[in-house]
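Chains as they are written, first to last, in the numbering used here: chain A, 5 to 119; chain B, 1425 to 1536.
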Amino acid sequence: EAAVTQSPRNKVAVTGGKVTLSCNQTNNHNNMYWYRQDTGHGLRLIHYSYGAGSTEKGDIPDGYKASRPSQENFSLILELATPSQTSVYFCASGDWGWGVGDTQYFGPGTRLLVL
Amino acid sequence: LAKTTQPPSMEAYEGQEVNVSCSHTNIATSEYIYWYRQVPHQGPQFIIQGYKDYVVNEVASLFISADRKLSTLSLPWVSLRDAAVYYCIVTDTSSGSWQLIFGSGTQLTVMP
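What follows is the structure, given as C-alpha cells:
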C-alpha cells in the first residue's frame, strides 16, 4: 500500500485561479517536502516542513504557500496560478537521523497545467 | 553542498551488470552519498546510501573510494525495469539540515 499519496493526480487550472495540491503520508515521518520537476531538469525544492504546524521555504518558494495541519498532511497552495507554474509536482516524506541524513520517499506526482 | 558529476547516459543489455559512476570531489566530511532513480511518470525512488567503503542491499551495491571523491553504483543483472534516470546526491547529515539536490542524473537505457 502506497505510503505517500497525492491528489489530484492531474489538474488543469486557469491563470489567476487558486490551486491546492494535497499530500498524505502514512510513514509517520516528521519531514515532508514539495518539489517540482520540469522537462529536462532535476527536482527543485519549493517548501518543506519539520512537523505539524511548521513550513519552511526551499529553493524556489515564490508564488507558492504551504500548509502542514497534521503529521500526515502537507498541502501546496498556488494562490494566483500562472502558466510558468505548469509542472509536475512531487511530495515526499522523510525522517532525518544523525549520521544518516534523511531518506525521502516520494509520491506519484501531480501534473498541473495552468492555461 | 558538494557538487556531483555523472555521465549523462549509459546503455546496457538485459542481464549485464551496470556500474554508474559519480564524482564528488568537494565532498565534506559531514556529507553522505545517496542514490535515487526515477522512471517516467513516477516519483524518485531511494536505492542506497553510504558514507565510505562498500554498502550493499537487496537492490544494489555502492562502492566509495578511499578519499570519498568517487562513488560507483552497481546494479547486478539489469532488466528492462531498471531503465531509469539515476541520481547521485550528496547531502549534509550533521546538523539536522538536510537537502536533496537533484542534478540531471544518468539516463540508463536497457536493451533486450
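Heads up, the beta-carbon is just placed ideally off N, CA and C, and yes, glycines get one too.
Whole-angstrom distance between residue j and residue i, CA atom to CA atom
i               : j               : result
L116 (chain A)  : A1490 (chain B) : 44 Å
T1530 (chain B) : I1451 (chain B) : 19 Å
K69 (chain A)   : I81 (chain A)   : 5 Å
C1512 (chain B) : W1501 (chain B) : 20 Å
V16 (chain A)   : E83 (chain A)   : 15 Å
Y4 (chain A)    : N32 (chain A)   : Given that chain A is displayed from residue 5 to residue 119, the structure contains no residue 4 (chain A) and the question cannot be resolved.
G1439 (chain B) : I1488 (chain B) : 24 Å
T19 (chain A)   : F78 (chain A)   : 23 Å
P1464 (chain B) : R1505 (chain B) : 11 Å
Q1430 (chain B) : A1507 (chain B) : 16 Å
T59 (chain A)   : I50 (chain A)   : 11 Å
T90 (chain A)   : N14 (chain A)   : 11 Å
A85 (chain A)   : D42 (chain A)   : 16 Å
Q10 (chain A)   : S71 (chain A)   : 14 Å
V1444 (chain B) : T1453 (chain B) : 23 Å
V1480 (chain B) : I1472 (chain B) : 8 Å
Which listed residue (the options) has its alpha carbon closest to that of residue i
i               : options                               : result
Y1437 (chain B) : B:L1499, B:S1528, B:Y1510 and B:C1512 : B:L1499
D99 (chain A)   : A:S79, A:K69, A:R13 and A:Q75         : A:Q75
P73 (chain A)   : A:C27, A:N14, A:A7 and A:G62          : A:C27
Y93 (chain A)   : A:N77, A:Q108 and A:P112              : A:P112
Y1478 (chain B) : B:P1468, B:Y1460 and B:L1497          : B:L1497
T1533 (chain B) : B:E1441, B:I1471 and B:T1428          : B:E1441
C1446 (chain B) : B:T1453, B:S1433 and B:S1454          : B:S1433
Q1462 (chain B) : B:F1526, B:M1535 and B:N1481          : B:F1526
V1509 (chain B) : B:T1453, B:I1457, B:Q1469 and B:L1486 : B:Q1469
S88 (chain A)   : A:D106, A:K61, A:T107 and A:L119      : A:L119
CB contact below 8 Å: residue i versus chain A
i               : result
L1524 (chain B) : yes
E1466 (chain B) : A quick correction: the sequence has Gln, not Glu, at residue 1466 (chain B). Cβ-Cβ to chain A under 8 Å: yes for Q1466 (chain B).
F1470 (chain B) : yes
Close Cβ partners of residue i (< 7 Å) along its chain, the five nearest in sequence each way excluded
i             : result
R48 (chain A) : Y39, R40, D63 and I64
G21 (chain A) : A85
Under the three-state DSSP convention, the category residue i falls into
i               : result
D1516 (chain B) : strand
L1524 (chain B) : coil
Q89 (chain A)   : helix
D1491 (chain B) : coil
R1461 (chain B) : strand
R40 (chain A)   : strand
L47 (chain A)   : strand
R66 (chain A)   : Reading off the sequence, residue 66 (chain A) comes out as Asp, not Arg. In the structure shown, D66 (chain A) sits in coil (DSSP, three-state: anything other than H, G, I, E or B).
L84 (chain A)   : coil
D106 (chain A)  : coil
R1505 (chain B) : helix
I1471 (chain B) : strand
K22 (chain A)   : coil
T1530 (chain B) : strand
T114 (chain A)  : strand
is_contact[residue i, chain B] using C-beta, thresh 8 Å
i              : result
Y109 (chain A) : yes
L82 (chain A)  : no
P65 (chain A)  : no
F78 (chain A)  : no
P112 (chain A) : yes
Sequence-distant residues of the same chain with beta carbon closer than 6 Å to residue i, five excluded per side
i               : result
Y37 (chain A)   : Y52 and A96
L25 (chain A)   : L80, Y93 and T114
K1427 (chain B) : none
Chain C contact residues for residue i, given Cβ-Cβ distances below 8 Å
i             : result
G46 (chain A) : Looking for chain C here will not work: the only protein chains present are A and B.
Spatial neighbours of residue i in its chain, beta-carbon cut-off 8 Å, leaving aside the 5 residues before and after
i               : result
Y109 (chain A)  : A7, V8, Q29, N31, H33, A96, S97 and G98
G1474 (chain B) : Y1456, I1457, L1486, I1488 and S1495
A56 (chain A)   : R72, P73, S74 and Q75
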